[in-house]
Amino acid sequence: MTMSQAAYQHIDIDNPIAPADVAKSFSRSARTYDEVAQIQNQIGEAALRHLPQLLSGNGLDIGAGTGRHTQTLNSRGVSIQGVDLAKGMVDQARALYPDISFSVADAQSLPFSNSSFSFVFSSMALQWCTNLHAVADEVERVLETGGVAELAIMVDGSFTELHKARALASLDKADTPLPSLQRWLSAFQSTKLRVSRVITKDYVDYHPNILSLLRSIKHAGAGATTRQNASLSKRDLKKLSMVYQGMSDLPKGLPITYRVSHFRLEK
Numbered sequence: 021m022t023m024s025q026a027a028y029q030h031i032d033i034d035n036p037i038a039p040a041d042v043a044k045s046f047s048r049s050a051r052t053y054d055e056v057a058q059i060q061n062q063i064g065e066a067a068l069r070h071l072p073q074l075l076s077g078n079g080l081d082i083g084a085g086t087g088r089h090t091q092t093l094n095s096r097g098v099s100i101q102g103v104d105l106a107k108g109m110v111d112q113a114r115a116l117y118p119d120i121s122f123s124v125a126d127a128q129s130l131p132f133s134n135s136s137f138s139f140v141f142s143s144m145a146l147q148w149c150t151n152l153h154a155v156a157d158e159v160e161r162v163l164e165t166g167g168v169a170e171l172a173i174m175v176d177g178s179f180t181e182l183h184k185a186r187a188l189a190s191l192d193k194a195d196t197p198l199p200s201l202q203r204w205l206s207a208f209q210s211t212k213l214r215v216s217r218v219i220t221k222d223y224v225d226y227h228p229n230i231l232s233l234l235r236s237i238k239h240a241g242a243g244a245t246t247r248q249n250a251s252l253s254k255r256d257l258k259k260l261s262m263v264y265q266g267m268s269d270l271p272k273g274l275p276i277t278y279r280v281s282h283f284r285l286e287k
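Each residue of the sequence shown is one higher than the one before, starting from 21 at the first, in the numbering used here.
Okay, here's the thing in structure tokens:
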């Protein structure tokens with residue numbers, strides 16, 4: 021067995037993901053996350069561009085990860101607080117950006133007073149929350165009147181190429197459940213927040229081989245489940261790779277699509 025095969029003998033992207041498992045997965049990969057999270061960074065940069073040009077007051081970055089985008093916000097002259105569910109990510113962010121405040125926190129139960137922030141930012145984190153209404157309620161609660169939230173959330177419709185390849189390879193249907201755009205809209209509309217803009221966009225990432233592609237999904241949080249009974253075997257990986265290559269036939273490599281909804285919310 022090669023090192024690559026050993027590293028992926030327990031890949032499992034087929035089961036619902038508990039938040040604690042997501043936190044553990046991200047904590048383990050914190051030190052190398054920025055090296056492999058190119059698509060997450062691309063999506064985060066797009067989300068940053070959607071923010072108002074002029075920012076002031078206090079801001080909150082939910083799911084700050086290693087703090088890359090928190091630092092970008094900090095460089096714009098605002099007071100920014102970063103939170104993440106994964107302690108390993110928070111430790112890494114603190115080491116990289118010691119002048120910024122980072123803490124471990126759950127988006128579904130934020131440890132801040134009402135009306136603490138003039139803006140809230142989040143990119144590629146909230147899709148793993150199990151209680152969408154709790155997320156919406158917390159964003160509303162911590163935002164001050166007149167505040168805005170810019171949230172980039174991966175939604176249902178992601179990973180379509182992988183689902184198709186698995187079906188063609190006669191593998192069990194992958195079930196990495198992601199809430200739909202409509203479910204998020206329903207959650208936000210149940211609060212006093214106004215949904216002033218929604219842009220849904222497909223971001224396509226390309227990989228040289230199936231292991232690289234699955235690694236990217238794992239780092240996005242979709243491989244965080246600890247159940248291993250549905251793991252892809254060496255034989256499964258080979259079948260999946262052959263089908264995927266025949267399906268794609270693109271010089272850029274094997275594609276995987278991340279469908280992301282960019283929400284602008286106002287209070």
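Built from N, CA and C at the ideal position, the CB exists for glycine as well.
Close beta carbons around residue i, own chain, < 8 Å, minus the five adjacent residues each side
| i | result |
| --- | --- |
| VAL155 | ALA127, GLN128, LEU146, CYS149 and ALA207 |
| GLY64 | ARG88, HIS89, SER143, MET144 and ALA172 |
| ARG96 | LEU75 |
| ALA26 | Confidence at ALA26 is low in this model, with a pLDDT of 33, below 50, so the placement of that residue is unreliable and no value is reported for it. |
Own chain residues within Cβ distance below 7 Å of residue i, not counting five before or after
| i | result |
| --- | --- |
| SER138 | SER76, GLY77, ASN78, GLY79, GLU164 and GLY167 |
| ALA84 | THR90, GLY102, VAL103, ASP104, ALA113 and PHE122 |
| ALA125 | VAL103 and PRO131 |
Classification of residue i by the beta-carbon crowding that lies within 10 angstroms, buried from 16 upward
| i | result |
| --- | --- |
| SER133 | exposed |
| ILE59 | buried |
| PRO199 | buried |
| LYS258 | exposed |
Nearest residue (CA-CA) to residue i, options the options
| i | options | result |
| --- | --- | --- |
| LYS107 | ARG96, PRO118, LEU191 and THR86 | THR86 |
| ASP222 | LEU285, SER95 and MET174 | MET174 |
| ARG214 | PRO228, ASP157 and ALA185 | ASP157 |
| GLU181 | TYR264, ARG284, PRO72 and THR92 | TYR264 |
| ALA66 | HIS183, SER136 and GLU170 | GLU170 |
Residue i (DSSP reduced to helix, strand or coil)
| i | result |
| --- | --- |
| LEU191 | coil |
| ASP176 | coil |
| SER210 | coil |
| GLY273 | coil |
| LYS221 | strand |
| GLY266 | helix |
| SER261 | helix |
| LYS236 | Reading the sequence as shown, one finds Ser at residue 236 and not Lys. It is helical. |
| LEU182 | helix |
| ARG96 | coil |
| ARG247 | At ARG247 the pLDDT is 39, less than 50, meaning the model places this residue with poor confidence and gives no usable figure here. |
Proximity test, residue i beta-carbon vs the ligand ADP heavy atom, cut-off 6 Å
| i | result |
| --- | --- |
| GLN62 | Ligands displayed in this structure: none; no statement on the ligand ADP is therefore possible. |
Can you list the beta strand (DSSP E) stretches of 3 or more residues lying completely in the stretch 137 to 173, in chain order?
137 to 143
- [ ] Output the residue ranges of the beta strand (DSSP E) runs that lie fully inside the stretch 107 to 137 and measure 3 residues or longer, sorted by chain position.
- [x] 121 to 124
ask   = In chain order, which beta strand (DSSP E) runs of at least 3 residues are fully inside the stretch 57 to 89?
value = 78 to 82
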